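In our numbering, the protein residues as written are 2 to 229.
All C-beta atoms, glycine included, are put in the ideal place defined by N, C-alpha and C.
From a predicted model like this one, the values you see are computed outputs, not experimental measurements.
The structure under discussion appears below in the form of structure tokens.
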């Protein structure tokens, strides 16, 4: 039987810690699925680029591109969509979020940042011009509200409103004790670096490292492979 292929597709970053965090997820996927071929690919910043990875896959093997991305957006709809259409027996899995397990990790990260019961939270996502991406973030915010009592306001690094500094200012006007940013980002990189400049009292670490990301990615892979 031909071994199935899992292409773990991330955005890409010039941040060495961000690169290492993604490659750790890829290693976790390989360790969890020795019966599958696991490859990494990227849609921006650096290679190996997704179209090249898909073009180099062996003929006949079923392949699933699993977005190591948190919501539907341009990279999922266009970059990954084009890549899977270029090869037979190839499909795309759903992105990682929204998922209650990610909300659980965010709650843990906020605890690490010293979140108090009277603090307000900005849920900071990268942002996308695709309205479905904002809907995904709102759904994740609802999941997080089931885990913590705090006021939560979603905000975005680019391409959607409100932006993170405006969200911080809005919550400051409500006279909460502190404003803490939940980094709804996978790993260190440009967007996470910008959060430190948004005027909050604290910024929680990004989601990685956590085993939950690989677990969710495997669930997405299994569902897509079964449908294929």
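Under the three-state reduction of DSSP, residue 81 is assigned to helix.
The beta-bridge partner set that DSSP reports for residue 7 consists of 39, 65. Between the stretch 185–194 and the stretch 13–27, the count of Cβ pairs shorter than 8 Å is three or higher; the stretches touch. As summarised for the stretch 126–157, the continuous beta strand (DSSP E) elements at least 3 residues long and confined to that stretch are 153–157, given in chain order. A residue is called buried when at least 16 other Cβ atoms come within 10 angstroms of its Cβ; residue 24 does not meet this threshold and is exposed.
By the CB criterion at 7 Å, residue 42 and residue 51 fall inside the cutoff. Taken in chain order, no unbroken stretch of alpha helix (DSSP H) lies wholly in the stretch 166–195 with a span of 4 residues or more.
Residue 85 is not a Cβ neighbour of residue 125, given a cutoff of 7 Å.
Apart from sequence neighbours up to five positions away, no residue of its chain approaches residue 89 with a beta-carbon distance below 6 Å.
When DSSP states are grouped into helix, strand and coil, residue 32 belongs to the helix group. Going by beta carbons, residue 44 and residue 76 fall inside the 7 Å limit.
The beta carbon of residue 49 lies closer than 6 Å to those of 42 in the same chain, with the five residues before and after it left out. The bridge partners DSSP lists for residue 124 are 155, 183.
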